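From first to last, the protein sequence lines are chains A and B.
Start counting the first sequence at 159; every next residue gets the next number (the numbering used here).
Start counting the second sequence at 977; every next residue gets the next number (the numbering used here).
In this text, a Cβ means the ideal position worked out from N, Cα and C, and glycines have one as well.
Predicted, not measured: the structure shown is a model, and the values here were computed from it.
Beneath this line is the structure, given in structure tokens, with notes to follow.
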Amino acid sequence: GAGVSQSPSNKVTEKGKDVELRCDPISGHTALYWYRQSLGQGLEFLIYFQGNSAPDKSGLPSDRFSAERTGGSVSTLTIQRTQQEDSAVYLCASSLATGSGNTIYFGEGSWLTVV
Amino acid sequence: AQSVAQPEDQVNVAEGNPLTVKCTYSVSGNPYLFWYVQYPNRGLQFLLKYITGDNLVKGSYGFEAEFNKSQTSFHLKKPSALVSDSALYFCAVNRGSTLGRLYFGRGTQLTVWP
């Protein structure tokens, strides 16, 4: 597709279960980002990938969160043993490169609710 | 440290009137500044960015923003607001040391009433 694609668009899970969120970036974009948006917290950076370089994981809130990017394209964000405070919108984004000034394009988000 | 401030949580304006959504930034060196808009239950859409050159940047949907280095501001403006402009607006900043990562303000909810 033309834009960043995320799935699922909505996910309701029970506390303690693991979830996987998928992101398919814009074709040709080498940089991929995950952000989290929750009420009262604004937009929180989680992780980014650039090509074959080691990802910047500095924003991951705990070791229950992990992400991988296979083949330099699709990425999966995994949350283990979900907690209620993990409820948020998880936004994936991509850009041509991580050079400053490159426009970052966002997907529609995956809405996660932990009950 | 890099940061962005959006001093107003909400801005209300009548349709047809000019609108301004404020943004100030704090970053060492030359900033790269962005505006995004988020409609209800949607992702963020890119509006415009300032990298270098002309201080007045024009973007999508008739929006523009003015970079003011002395005031460290990058306010979003539109000469004539539409009801359909009602949305959540985010300002963001980036600088080379953190490559493409964007630092976002907390957002400003714009409401345009008929």
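- Look at the region 997 to 1017 of chain B: the residues with a C-beta under 7 Å from a C-beta of chain A are Tyr-1008.
- With contacts defined as CB atoms closer than 7 Å, Leu-179(A) and Tyr-248(A) qualify as a contacting pair.
- The beta carbon of Gly-200(A) falls within 7 Å of a beta carbon belonging to chain B, placing the residue at that interface.
- By alpha-carbon distance to Leu-1064(B), the top candidate from Leu-201(A), Val-232(A), Thr-228(A) and Ile-205(A) is Leu-201(A).
- With respect to chain A, the C-beta atom of Leu-1020(B) has a partner C-beta closer than 7 Å.
- Taking a contact to require three or more Cβ pairs closer than 8 Å, the region 228 to 242 of chain A and the region 167 to 183 of chain A qualify as touching.
- Contact check between the region 1020 to 1027 of chain B and the region 984 to 996 of chain B: fewer than three CB pairs, one atom from each, fall below 8 Å, which does not count as touching.
- Sixteen is the threshold: when 16 or more other Cβ atoms of the shown chains lie within 10 Å of the Cβ of Pro-1007(B), as they do, the residue is buried.
- For Leu-1009(B), the uninterrupted beta strand (DSSP E) segment begins and ends at 1008 to 1014.
- Phe-1022(B) is not a Cβ neighbour of Ala-1068(B), given a cutoff of 7 Å.
- Straight-line measurement puts the Cα of Ser-1056(B) at about 32 Å from the Cα of Ser-252(A).
- Note on the region 1011 to 1066 of chain B: whole beta strand (DSSP E) runs with a minimum of 3 residues are 1020 to 1026, 1032 to 1034, 1040 to 1044 and 1049 to 1054, in chain order.
- For Thr-234(A), DSSP records a beta bridge to Arg-180(A) and Glu-226(A).
- Contact with chain B is absent for Thr-188(A), since none of that chain's Cβ atoms lies less than 7 Å from the residue's Cβ.
- Think of a sphere of 7 Å around the beta carbon of Leu-1078(B): the chain A residues whose beta carbon falls inside it are Ile-262, in chain order.
- Nearest C-alpha to Glu-172(A) among Thr-240(A), Gly-161(A), Ser-211(A) and Leu-254(A): Thr-240(A).
- Around the beta carbon of Thr-228(A), fewer than 16 other beta carbons sit within 10 angstroms, so the residue counts as exposed.
- Counting along the chain, the unbroken beta strand (DSSP E) around Glu-202(A) starts and ends at 200 to 208.
- By the criterion of a C-beta distance shorter than 7 Å, Thr-261(A) is surrounded in its chain by Ser-253, once the five residues flanking it on both sides are discounted.
- When C-alpha distances from Phe-1066(B) are compared across Pro-1090(B), Leu-1032(B) and Tyr-1015(B), the shortest belongs to Tyr-1015(B).
- Excluding sequence positions up to five before and after Glu-266(A), its CB lies within less than 7 Å of the CB of Gln-164 and Ser-167, all in the same chain and listed in chain order.
- Shown here, Asp-214(A) sits in a strand according to DSSP, grouped into three states.
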